[in-house]
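Working notes, beginning with the structure itself.
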Amino acid sequence: MHSRVTSHLGIPACEKDAKALQFIEEMTRNVDSVQEKVLAEILSQNANTEYLQRFKVGGATDRDTFKSKVPVVTYEEIQPDIQRIANGDRSPIFSSHPISEFLTSSGTSAGERKLMPTIQEELDRRQLLYSLLMPVMNLYVPGLDKGKGLYFLFIKAETKTPSGLLARPVLTSYYKSDHFKTRPYDPYNVYTSPNETVLCVDSFQSMYSQMLCGLLMREQVLRLGAVFASGLLRAIHFLQLNWQQLAKDIATGILNPRVSDPSIRECMSKILKPNPEIAEFIIKECEGQNWEGIITRIWPNTKYLDVIVTGAMAQYIPTLDYYSGGLPKACTMYASSECYFGLNLNPMCKPSEVCYTIMPNMCYFEFIVHDPTNPATISRDSPPCLVDLADVEVGKEYELVITTYTGLCRYRVGDILLVTGFHNSAPQFKFIRRKNVLLSIDSDKTDEAELQNAVENAAAILQSYDTSVVEYTSYADTKTIPGHYVIYCELLIKDPTNSPSHEVLSQCCLAMEESLNSVYRQCRVADNSIGPLEIRVVEKGTFEELMDYAISRGASINQYKAPRCVNFTPIVELLDSRVISAHFSPAAPHWTPEKRRV
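Using the working numbering, read the sequence shown as starting at 5 and increasing by one per residue.
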């Protein structure tokens, strides 16, 4: 056994960091025994729940009994039980602890956000993982206690289920908790944004005041961040649109009247004082409309960007590089609404090399071997062989299955992970993708069935013009800010004298948006993090050319299917070179944060 932390991770920046790094070492050295203990704790804590009793676990806490009796499930299989809780059933269905609220996932089921029941003590477990991030970062970036972080953090609208329990995203829950609001002062984790600016549900007022604070403290900013890469780009776009008003506020010391939230106005009155020097600097940097390297020009002491750039967010890396002059991008942690999983022990690595070390104390982890050519179909009749955390093999892909303290048992999260190595005995995983997700711009996730349904709704409009959709594919266009969905369609127009007009095709765009899930529509309407959907009509024969191209690259002519989503540059360029006309959604789709009728 190593007695000193430095053997693996490095020399801690302070005593508090030393304890955190020691904890990481202990957890990762004893993965299997920690996992055994975690499962026993979960099973004994929830022994009397309806769910475990349904499968006759009988109070057993060992792995063999658990694995032989409790099935592997998807959200759809436990949704009726979740519905009961949402409708007011307070009996211990999943957890012996009372359900404190629902966390709404960015994944959807039947077009609505998934609801994840959670318990109060889970906040402590999430806080524990957060507390490990800066001690690791301090090993790689010295001096972060000498300045501040400009983090664009936002809350989203919350709703109530019929039971009276709140339903809201996990980060909204965290930012509204005392863990965040009354967090102790930590010189390594000081934000430019006051809590009041983060906790305003109006996205314009929140972004405006956070950007204003960031500009006023520009010399003190040592790192810029948002949750996702798309969020940081949205902040830069916001600066491009609002720099003149921001500079005016700084020059005069008077806050834009559009920011009307009383708590923001009160806290900004202490921060905002006339500063013509900063105002002139912002005007000089922005008025020429040259945005290359804008992050390092305005915030010259920035050492890195703290954003998620793995999975679907990798598409934003070139744009981030353009705005930041290629600053390092740190992906610090791996988490979901269901549970927080692990952290990146080498946060300054290249985005393509990011791997997350699973912390075995967070929940009980199992893995289904994932063969991309033959995805596992799991039923009660043919249970799969699941692999434990300590037994995964380097180079193999797995689908993640978790059993949590909140009462989820053998739940398929839907993430596909690749084992890249180990830290002590803890596996390190590269996030490959979400299962079945075709399109994603922000927190939205659109799968093939949803896209197909949306196209069918558009095709129904075209029927009255004797026009049908021959073939289609899609593309997440992130060259615009915000990004937007592009649907390439080849149309068969049977009567050229009655062909659909530009207005009709624009209405097709809106019809598609109306039929996409609620997370997409919230991103469009409330968050403005996705732009209007675009249909690009391509020439007749375009999809045959696409097939010829695929076959020339080795695809089987017998098994060829038109891809429902494209991102390979030559294919996108081929499609774009065949576009006859382009049409955008003329209005925002319908979305309201109404009361959950589950």
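The beta carbon of each residue, even a glycine, is placed where N, CA and C say it ideally should be.
Closest to methionine 352 by CA distance: which of Glu19, Pro574, Thr122 and Asn142 is it? When only C-alpha atoms are compared, the closest one is Asn142.
Residue from Leu216, Glu200 and Tyr344 whose Cα sits closest to the Cα of leucine 133: The option with the nearest alpha carbon to leucine 133 is Tyr344.
Within 10 angstroms of the Cβ of alanine 586, are there 16 or more other Cβ atoms? Answer buried if so, exposed if not. By the neighbour-count rule (16 or more Cβ atoms within 10 Å), alanine 586 is not buried but exposed.
In chain order, what are the residue ranges of uninterrupted beta strand (DSSP E) at least 3 long that sit wholly in the region 506-562? If one requires a minimum length of 3 residues, the beta strand (DSSP E) runs lying completely within the region 506-562 are 538-542, in chain order.
Distance CB(tyrosine 476)-CB(valine 542) smaller than 7 Å: The Cβ-Cβ distance between tyrosine 476 and valine 542 does not fall below 7 Å.
Reducing DSSP to helix, strand and coil, say where lysine 252 ends up. Three-state result, lysine 252: helix.
For alanine 334, name the three-state secondary structure that DSSP assigns. DSSP places alanine 334 within a strand segment (E or B) once states are collapsed to three.
In the DSSP assignment, what residue or residues form a beta bridge with valine 77? The partner list for valine 77 (beta bridge, DSSP) reads Tyr415.
Taking just the CA atoms, how far does threonine 69 sit from valine 373? Distance between the alpha carbons of valine 373 and threonine 69 is about 21 Å.
Once you ignore the five residues that flank glutamate 162 on each side, which residues in its own chain have a CB closer than 7 Å to its CB? A distance below 7 Å between beta-carbons, with the five flanking residues on each side excluded, links glutamate 162 to the following residues of its chain, in chain order: Leu170, Ala171, Arg172 and Thr176.
When the Cβ atoms of the region 496-511 are set against those of the region 404-422, are three or more pairs found closer than 8 Å? Counting Cβ pairs under 8 Å, fewer than three are found: no touch.
Spatial neighbours of asparagine 260 within its chain, please: C-beta separation below 6 Å, excluding the five flanking residues on both sides. The beta carbon of asparagine 260 lies closer than 6 Å to those of Gln249 and Asp253 in the same chain, with the five residues before and after it left out.
Please report the distance separating the alpha-carbon of arginine 568 from that of alanine 462. So the two alpha carbons sit approximately 16 Å from each other.
At what residue ranges does the region 199-253 contain a whole run of the alpha helix (DSSP H), taking only runs of 4 or more? Entirely contained in the region 199-253, the alpha helix (DSSP H) runs reaching 4 residues are, in chain order, 199-202 and 207-220.
Considering only their Cβ atoms, is the gap separating valine 35 from asparagine 365 smaller than 7 Å? For asparagine 365 and valine 35, no; Cβs fall outside 7 Å.
Leaving out five residues before and five after histidine 635 in sequence, what residues of the same chain have Cβ atoms less than 7 Å from its Cβ? Beyond the ends of the chain as shown, which are 5 and 602, falls residue 635; an answer cannot be given.
Residue span of the beta strand (DSSP E) that contains leucine 42, given as start and end: The question names leucine, but residue 42 is valine in the sequence shown. Taken as a continuous stretch (DSSP letters only), valine 42 belongs to no beta strand (DSSP E), being part of the alpha helix (DSSP H) at 35-49.
State yes or no: is the C-beta of proline 278 within less than 7 Å of the C-beta of threonine 256? Going by C-beta atoms, proline 278 is nearer than 7 Å to threonine 256.
In whole angstroms, what separates the C-alpha of serine 135 from that of leucine 349? Looking at the two C-alpha atoms, the distance is approximately 13 Å.
So what does DSSP say about threonine 410, is it helix, strand or coil? Correct three-state label for threonine 410: coil.
Taking C-beta to C-beta, are threonine 361 and phenylalanine 435 nearer than 7 Å? Cβ atoms of threonine 361 and phenylalanine 435: not closer than 7 Å.
Do you know how far the Cα of glutamate 291 is from the Cα of leucine 119? Leucine 119 and glutamate 291: Cα-Cα distance of roughly 46 Å.
Would you say glutamate 460 and valine 474 are within 7 Å of each other, going by their C-beta atoms? Result no, Cβ atoms of glutamate 460 and valine 474 do not sit closer than 7 Å.
Count the CB pairs spanning the region 179-199 and the region 152-161 that are closer than 8 Å, and state whether there are at least three. Of all C-beta pairs linking the region 179-199 to the region 152-161, three or more are shorter than 8 Å, placing the two stretches in contact.
What did DSSP end up calling glutamine 467 once you bin it into helix, strand or coil? Helix.
Closer than 6 Å by C-beta to isoleucine 391: which residues in its own chain qualify, once you throw out the five before and the five after it? Chain order, please. In the sequence on display, residue 391 carries valine and not isoleucine. Its chain contains Phe371 as the residues whose beta carbon lies nearer than 6 Å to that of valine 391, once the 5 sequence neighbours on both sides are disregarded; these appear in chain order.
Residue span of the beta strand (DSSP E) that contains tyrosine 489, given as start and end: Segment 488-497, the beta strand (DSSP E) holding tyrosine 489.
Excluding sequence positions up to five away, which residues of its chain have a Cβ less than 6 Å from the Cβ of proline 355? If we look at proline 355 and ignore the five residues flanking it on each side, its Cβ neighbours are Val313, Ile321 and Lys333.
Given that a residue counts as buried once 16 or more other Cβ atoms are within 10 Å of its Cβ, and exposed if not, what is valine 358? By the beta-carbon neighbour count (other beta carbons within 10 angstroms, threshold 16), valine 358 is buried.
What's the call for histidine 594, buried or exposed, on a 16-neighbour Cβ count within 10 Å? With fewer than 16 other Cβ atoms within 10 Å, it is exposed.
Go through its chain and collect everything with a Cβ distance to valine 145's Cβ below 6 Å, but skip five positions before and after it. Only Lys307 meet the Cβ criterion.
Anyone know if the C-beta pair for serine 444 and cysteine 513 falls short of 7 Å? No, the pair does not count as a contact, with Cβ atoms beyond the cut-off.
Inspect the beta-carbon positions of glutamine 214 and aspartate 265 and report whether they are closer than 7 Å. Going by C-beta atoms, glutamine 214 is not nearer than 7 Å to aspartate 265.
By how many angstroms is the C-alpha of proline 166 removed from the C-alpha of histidine 427? Cα-Cα distance, rounded: 45 Å.
Chain-order list of residues whose beta-carbon lies under 7 Å from that of isoleucine 465 (same chain, five-residue window excluded): Hits under 7 Å: Val508, Gln511, Cys512 and Ala515.
Is it true that the CB of cysteine 367 sits closer than 7 Å to the CB of threonine 408? Against a cut-off of 7 Å, the Cβ pair of cysteine 367 and threonine 408 comes out as a contact.
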